[in-house]
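If you're matching them up, the sequences are chains A and B in order.
Start counting the first sequence at 1; every next residue gets the next number (this note's numbering).
Start counting the second sequence at 147; every next residue gets the next number (this note's numbering).
The beta-carbon is built from N, C-alpha and C at its ideal position, and this holds for glycine as well.
There are 2 protein chains.
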Amino acid sequence: MYTIGQVADMFGIPISTLRYYDREGLFPDMQRSSGIRRFSEKELNELRVIECLKKSGLGIKSIKQFMEWCSEGSETYGLRQELFLKRKAAVEGEIRQLEKTLDMLRFKCWYYEQAIQDGNEDRLNRMLPDKLPKEIQVLYDHGHET
Amino acid sequence: MYTIGQVADMFGIPISTLRYYDREGLFPDMQRSSGIRRFSEKELNELRVIECLKKSGLGIKSIKQFMEWCSEGSETYGLRQELFLKRKAAVEGEIRQLEKTLDMLRFKCWYYEQAIQDGNEDRLNRMLPDKLPKEIQVLYDHGHET
DNA sequence: TATTGACCTAAAGTCAGGTTCAGGTGTTAG
DNA sequence: CTAACACCTGAACCTGACTTTAGGTCAATA
Numbered sequence: 001m002y003t004i005g006q007v008a009d010m011f012g013i014p015i016s017t018l019r020y021y022d023r024e025g026l027f028p029d030m031q032r033s034s035g036i037r038r039f040s041e042k043e044l045n046e047l048r049v050i051e052c053l054k055k056s057g058l059g060i061k062s063i064k065q066f067m068e069w070c071s072e073g074s075e076t077y078g079l080r081q082e083l084f085l086k087r088k089a090a091v092e093g094e095i096r097q098l099e100k101t102l103d104m105l106r107f108k109c110w111y112y113e114q115a116i117q118d119g120n121e122d123r124l125n126r127m128l129p130d131k132l133p134k135e136i137q138v139l140y141d142h143g144h145e146t
Numbered sequence: 147m148y149t150i151g152q153v154a155d156m157f158g159i160p161i162s163t164l165r166y167y168d169r170e171g172l173f174p175d176m177q178r179s180s181g182i183r184r185f186s187e188k189e190l191n192e193l194r195v196i197e198c199l200k201k202s203g204l205g206i207k208s209i210k211q212f213m214e215w216c217s218e219g220s221e222t223y224g225l226r227q228e229l230f231l232k233r234k235a236a237v238e239g240e241i242r243q244l245e246k247t248l249d250m251l252r253f254k255c256w257y258y259e260q261a262i263q264d265g266n267e268d269r270l271n272r273m274l275p276d277k278l279p280k281e282i283q284v285l286y287d288h289g290h291e292t
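Printed below as a string of structure tokens:
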């Protein structure tokens with residue numbers, strides 16, 4: 001059993017945030033002894049799941065919904081699986097999006113390297129948008145897709 | 147030259163957002179004819195850069211700063227290059243983070259598949275945290291790193 | 001001529017996700 | 001005994017990124 005301060009230190013999360021999560025119902029079965037929150041292994045695991053779902057882009061309200069499903073037992077296994085499948089698809093999509101952004105950024109890094117060498121952007125402007133060196137053109141084109 | 151409505155349609159961005167960006171100084175040299183904004187190729191390119199920097203996680207104020215550097219000419223090539231290098235590192239880090247999240251989500255998908263088959267979590271609980279099938283253990287461990 | 005549609009502004013409103021504040025309780029250290 | 005600490009609450013506040021509202025201009029169409 002841990003106090004809120006210990007959990008805050010373990011996870012590197014502000015105490016105020018843990019209280020906020022509790023207020024929002026993210027720890028549906030948390031115990032208290034004389035008013036003081038008692039974080040058990042259960043709550044630590046819940047916190048790990050909260051962090052995972054948050055990183056996946058899920059909002060607090062939907063996380064609360066998920067936590068409620070967990071408290072409802074085996075009847076909600078299907079709903080929970082469905083949620084994780086959706087989150088997985090969302091994160092896969094976001095990674096693909098970030099890979100494009102990354103190619104755009106790699107292109108920009110190359111661009112300014114050239115601009116610094118040349119002292120101006122004249123030569124670069126003459127290469128845009130489709131007369132870039134082959135490997136740079138690949139970055140540029142991927143970064144500019146849809 | 148395009149009107150704000152045409153640009154909104156081309157980019158799939160609300161008009162209100164384009165006006166907001168303008169208000170925030172993201173199009174430092176935009177022309178107007180009798181009060182009406184005129185988006186040229188320059189502003190379209192700026193909008194592409196704005197979208198790229200936004201996706202990289204940069205806030206509006208820093209994007210404004212970058213746009214100002216662009217208006218200052220070749221003296222700021224170094225600053226601009228540095229910004230893109232930092233954004234590149236940030237996005238690379240975020241992708242690594244999302245790959246971990248993804249492994250956690252893949253584990254959870256497998257977990258609920260098993261739970262649905264078994265009708266309960268008893269067998270799963272006996273396998274946690276280190277007696278999982280080899281390939282699942284890999285997901286679990288990677289997903290739980292720092 | 002009137003009304004429709006696309007543009008404009010300043011200011012207020014919204015939402016998520018916290019953080020801060022003011023005031024209070026309970027246990028331990030000097 | 002009292003002061004420091006770690007905990008508690010409800011309510012107000014904050015930031016970022018927009019969106020909405022209310023009121024106004026102007027050109028073209030019915």
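Assigned exposure category for residue i - 16 Cβ within 10 Å defines buried
i: A:Tyr20; result: exposed
i: A:Met10; result: exposed
i: B:Gly239; result: exposed
i: A:Asp130; result: exposed
i: A:Met67; result: buried
i: A:Gly12; result: exposed
i: A:Asp118; result: exposed
i: B:Gly181; result: exposed
i: A:Glu145; result: exposed
i: A:Glu41; result: exposed
i: B:Gly289; result: buried
i: B:Glu192; result: buried
i: B:Asp249; result: buried
i: B:Leu225; result: exposed
i: A:Leu128; result: exposed
Beta-carbon gap between residue i and residue j smaller than 7 Å
i: B:Tyr258; j: A:Gln81; result: yes
i: A:Thr101; j: B:Ser208; result: no
i: A:Phe27; j: A:Glu51; result: no
i: A:Leu105; j: B:Arg233; result: yes
i: A:Glu24; j: A:Ile60; result: yes
i: A:Cys109; j: B:Phe253; result: no
i: A:Tyr77; j: B:Ile282; result: no
i: A:Asn120; j: B:Ser220; result: yes
i: B:Val237; j: B:Phe185; result: no
Closer than 8 Å at the beta carbon, the chain A residues around residue i
i: B:Cys255; result: Gln81, Phe84, Leu85, Lys88
i: B:Tyr286; result: None at all; the shortest Cβ gap to chain A is about 11 Å.
Extent of the continuous alpha helix (DSSP H) to which residue i belongs
i: A:Ser62; result: 60 to 71
i: A:Ile13; result: Here A:Ile13 belongs to no alpha helix (DSSP H), and DSSP marks it neither H nor E.
i: A:Leu105; result: 77 to 118
i: B:Leu278; result: Segment: none, B:Leu278 is in no alpha helix (DSSP H) and carries neither H nor E.
i: B:Glu197; result: 187 to 201
i: A:Leu128; result: Where A:Leu128 is concerned, there is no enclosing alpha helix (DSSP H), given that its DSSP letter is neither H nor E.
Proximal residues of chain A, C-beta to C-beta of residue i below 7 Å
i: B:Arg184; result: The contacting residues do not exist; B:Arg184 stays about 22 Å from chain A at best.
i: B:Val237; result: Leu98, Thr101, Leu102, Leu105
Within chain B, the residues that residue i reaches when beta carbons sit closer than 7 Å
i: A:Asn125; result: Neighbours of A:Asn125 on chain B: none; closest Cβ ~11 Å, over 7 Å.
i: A:Gly78; result: Ile262
i: A:Gly119; result: Ser220
Contacts of residue i in chain B (Cβ-Cβ under 9 Å)
i: A:Lys55; result: Gln243, Leu244, Lys246, Thr247, Met250
Extent of the continuous beta strand (DSSP E) to which residue i belongs
i: B:Ser179; result: 177 to 179
Neighbouring residues, chain B, relative to residue i (Cβ below 8 Å)
i: A:Ala8; result: Per Cβ cutoff of 8 Å: no residues; A:Ala8 is ~17 Å from chain B at best.
i: A:Glu72; result: Ordered by position in chain B, no residue passes the 8 Å Cβ test against A:Glu72, which lies about 13 Å from the chain.
i: A:Glu113; result: Gln227
i: A:Glu94; result: Leu244
Near the ligand NAP: residue i beta-carbon under 6 Å from a heavy atom
i: B:Glu192; result: The ligand NAP is not part of the structure shown, which contains no ligands of any sort.
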